Amino acid sequence: MTILRNATVFVDGQLRKTDIAFDEKIRAIGSNLSGDEQIDCSGRLILPGGIDVHVHARDLNQSHKEDWASLGRAAVSGGVTTVCAMPNTDPPLDRPEIVRAYRERAASARVNAKIYGGITRDNIGRLEELARDVDAFKLYLGETTGNLVITDRKLHREIFKGIAQTGKLLAVHAQRGGPPKTVTRHEADDIHYVLDLAAAHETKLHLVHVTTRRGVEAIVEAKRSKVDVTLETCPQYLFFTERDREQRGAWLKMNPPLATEEDREFLWWALAEGLIDIVATDHAPHTQEEKSVGYERAPAGVPGVEFMLVLLLNAVNAQKLSLKRLVEVCCANPAKRFGLPTGELSVGRDADITVIDMNIARTITRESVRSKCGWSPYEGLRVQGWPVMTFVKGRAVYP
Ligand code: NCD
Ligand code: ZN
0 MTILRNATVF VDGQLRKTDI AFDEKIRAIG SNLSGDEQID CSGRLILPGG
50 IDVHVHARDL NQSHKEDWAS LGRAAVSGGV TTVCAMPNTD PPLDRPEIVR
100 AYRERAASAR VNAKIYGGIT RDNIGRLEEL ARDVDAFKLY LGETTGNLVI
150 TDRKLHREIF KGIAQTGKLL AVHAQRGGPP KTVTRHEADD IHYVLDLAAA
200 HETKLHLVHV TTRRGVEAIV EAKRSKVDVT LETCPQYLFF TERDREQRGA
250 WLKMNPPLAT EEDREFLWWA LAEGLIDIVA TDHAPHTQEE KSVGYERAPA
300 GVPGVEFMLV LLLNAVNAQK LSLKRLVEVC CANPAKRFGL PTGELSVGRD
350 ADITVIDMNI ARTITRESVR SKCGWSPYEG LRVQGWPVMT FVKGRAVYP
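By numbering that gives the first Met the number 0, the letter at position 108 of the sequence shown is numbered 107, and the numbering carries on one by one without gaps.
Right, dumping it as structure tokens:
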């Protein structure tokens with residue numbers, strides 16, 4: 000049994016000075032607990048491990064960009080203890096055999112792995128079978144890395160109906176492709192289209208990487224009319240806009256593209272107000288070489304899993320975000336939505352824990368990046384509030 004002593008622990012929505020005891024599960028939260036391994040955590044903050052429901056772990060034929068081992072190291076160094084990995088891998092995760100092989104690769108990582116099944120023209124008739132091996136499904140309606148885009152509207156109806164029958168969550172990349180400004184302008188329309196499908200077929204829906212005010216508003220309105228939907232935004236849309244893309248080109252090329260300053264400010268407001276359910280990174284590692292070939296030819300996507308919590312902890316330090324909201328969007332809400340045994344510190348939950356020092360201030364540098372891609376869009380940013388220790392199912396995985 001491990002005891003973390005004298006820390007400030009986030010329990011039941013508030014901070015408490017207490018000890019916490021765990022093996023693979025949290026066994027007790029209280030004062031003067033005893034156990035064989037005791038770690039003094041005076042002055043530190045203890046939070047549930049972060050859950051990043053949108054990462055591209057790559058591996059397989061793209062392990063030069065990232066593999067499960069490097070992704071795991073990056074995640075836990077940033078206090079993230081669970082990741083949900085997308086199926087646009089090479090080869091794609093669209094058959095039970097390949098999903099099982101991928102899960103085996105993931106088992107060697109230090110982080111908990113959840114896996115999305117991909118939907119293709121070929122497997123639409125066999126989603127029920129694939130459902131047994133995946134944690135959720137992912138549908139791409141617009142431009143993305145890989146070959147998983149489906150544009151046929153008749154197939155969309157079939158898919159929403161079929162996934163509803165499996166009872167699994169359907170994550171949708173709603174934004175259709177096109178020139179960046181057009182994608183941004185059309186995001187709300189694309190989201191309306193998906194919301195209508197989910198309403199018609201009673202599909203459990205999660206909208207990934209929402210970037211605009213009107214997109215968020217469409218989803219908030221759908222929730223009022225009882226559509227079973229959650230929404231995610233990503234740190235890159237909170238920190239950058241189309242202006243930054245104009246300056247930094249391919250390094251900030253991503254799907255969906257960066258939106259306007261008005262949208263960015265709205266996202267911060269919506270985050271603080273509770274309109275955003277989940278923050279996830281869309282961690283999309285591409286190598287520096289691949290990103291260095293000019294805007295048109297470079298692949299879309301930026302890495303982010305290791306800095307999600309620090310970016311938001313810094314916002315807490317700057318009083319731009321409450322700690323309560325941070326824990327909701329990075330831990331509690333993702334756990335609820337994906338049915339995970341983590342996301343809050345309470346007795347009986349899996350001991351996925353991160354210990355934070357809110358006083359450490361450090362600049363994000365290229366040298367400090369643990370992801371195999373070896374760079375970060377946040378290089379040069381000085382942030383305060385860093386994870387100093389991370390436990391996954393009670394095991395110390397960082398440092
Ligand atoms: C993602 C990738 O590289 O896999 N890229 C991106 O720009 N977000 C794919 C995706 O999520 O669409
Ligand atoms: Zn996407």
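Ideal Cβ placement from N, Cα and C applies to all residues, glycine included.
Computed from a predicted model, the values in this text were never measured in an experiment.
If I measure Cβ to Cβ from residue i and keep anything under 6 Å in the same chain, skipping five residues before and after, which residues do I get?
| i | result |
| --- | --- |
| residue 41 | 5 |
| residue 242 | none |
| residue 74 | 82, 110 and 304 |
| residue 333 | 50, 52 and 277 |
| residue 322 | 315 |
| residue 43 | 6, 354 and 356 |
| residue 142 | 176 and 254 |
How would you write the range of the alpha helix (DSSP H) that residue i sits in, first residue to last?
| i | result |
| --- | --- |
| residue 21 | It is not in any alpha helix (DSSP H) - residue 21 instead sits in the beta strand (DSSP E) that spans 13-21. |
| residue 318 | Here residue 318 belongs to no alpha helix (DSSP H), and DSSP marks it neither H nor E. |
| residue 116 | Residue 116 -> not in any alpha helix (DSSP H); beta strand (DSSP E) instead, spanning 111-117. |
| residue 173 | First-last for residue 173: undefined, no H or E at that position. |
| residue 272 | 260-272 |
| residue 185 | 179-200 |
| residue 400 | No answer is possible for residue 400: it lies beyond the span of the chain, which begins at 0 and ends at 398. |
| residue 101 | 95-106 |
| residue 288 | 287-290 |
| residue 75 | 67-76 |
I'd like the list of long-range same chain contacts for residue i, defined as Cβ closer than 8 Å, with 5 residues on each side in sequence excluded.
| i | result |
| --- | --- |
| residue 231 | 52, 53, 205, 206, 207, 208, 209, 275, 276, 277, 278 and 279 |
| residue 330 | 46, 47, 48, 49, 50, 341, 342 and 343 |
| residue 157 | 123 |
| residue 324 | 270, 271 and 273 |
| residue 196 | 155, 156, 159 and 202 |
| residue 19 | 2, 3, 6, 8, 25, 27, 28, 32, 45, 344 and 352 |
Taking residue i as the reference, give the member of the options with the closest Cα.
| i | options | result |
| --- | --- | --- |
| residue 390 | 31, 62, 76 and 57 | 76 |
| residue 59 | 36, 90 and 291 | 90 |
| residue 160 | 184, 173 and 198 | 198 |
| residue 134 | 26, 81 and 15 | 81 |
| residue 360 | 348, 290, 345 and 380 | 380 |
| residue 38 | 55, 50, 47 and 17 | 17 |
| residue 289 | 107, 112 and 298 | 298 |
| residue 95 | 111, 87, 69 and 131 | 131 |
| residue 168 | 185, 335 and 149 | 335 |
| residue 286 | 365, 327 and 256 | 365 |
| residue 147 | 92, 194 and 183 | 92 |
| residue 235 | 281, 246 and 245 | 281 |
| residue 101 | 294, 125, 67 and 194 | 67 |
| residue 387 | 363, 357 and 369 | 357 |
| residue 180 | 321, 62 and 256 | 256 |
| residue 56 | 14, 70, 8 and 63 | 70 |
| residue 398 | 78, 0, 23 and 12 | 78 |
| residue 129 | 152, 99, 84 and 112 | 99 |
Report back the beta-carbon spacing between residue i and residue j to the nearest angstrom; my notes put them in contact at under 8 Å.
| i | j | result |
| --- | --- | --- |
| residue 203 | residue 188 | Rounded, the Cβ-Cβ distance is 22 Å, inconsistent with contact. |
| residue 312 | residue 352 | In fact, because the Cβ distance is near 15 Å, the residues do not count as touching under 8 Å. |
| residue 240 | residue 216 | Actually they do not touch by this definition, with Cβ atoms about 19 Å apart. |
| residue 140 | residue 172 | 6 Å |
| residue 137 | residue 170 | 5 Å |
| residue 127 | residue 165 | 6 Å |
| residue 267 | residue 237 | 6 Å |
| residue 183 | residue 258 | 5 Å |
| residue 186 | residue 152 | In fact, because the Cβ distance is near 18 Å, the residues do not count as touching under 8 Å. |
| residue 392 | residue 23 | 5 Å |
Could you give the residue range of the beta strand (DSSP E) that holds residue i?
| i | result |
| --- | --- |
| residue 47 | 44-47 |
| residue 39 | 36-39 |
| residue 7 | 1-10 |
| residue 162 | Per DSSP, residue 162 belongs to no beta strand (DSSP E); it is in the alpha helix (DSSP H), 152-165. |
| residue 231 | 228-232 |
| residue 358 | 352-362 |
Within the same chain, show all residues whose beta-carbon is closer than 7 Å to that of residue i, passing over the 5 residues directly before and after it, in chain order.
| i | result |
| --- | --- |
| residue 97 | 90 |
| residue 269 | 215 and 275 |
| residue 346 | 25, 26, 27 and 28 |
| residue 320 | 270, 271, 311 and 314 |
Could you confirm whether any beta carbon from chain C is found closer than 8 Å to the beta carbon of residue i?
| i | result |
| --- | --- |
| residue 314 | Protein chains in the displayed structure number just one, and chain C is not present. |
Query raised in the report: Pairing CB atoms from the region 217-224 with CB atoms from the region 248-263, are three or more of them under 8 Å?
Result: no
Report task. Would you check if there are 3 or more beta carbon pairs closer than 8 Å linking the region 112-130 to the region 362-377? Result -> no
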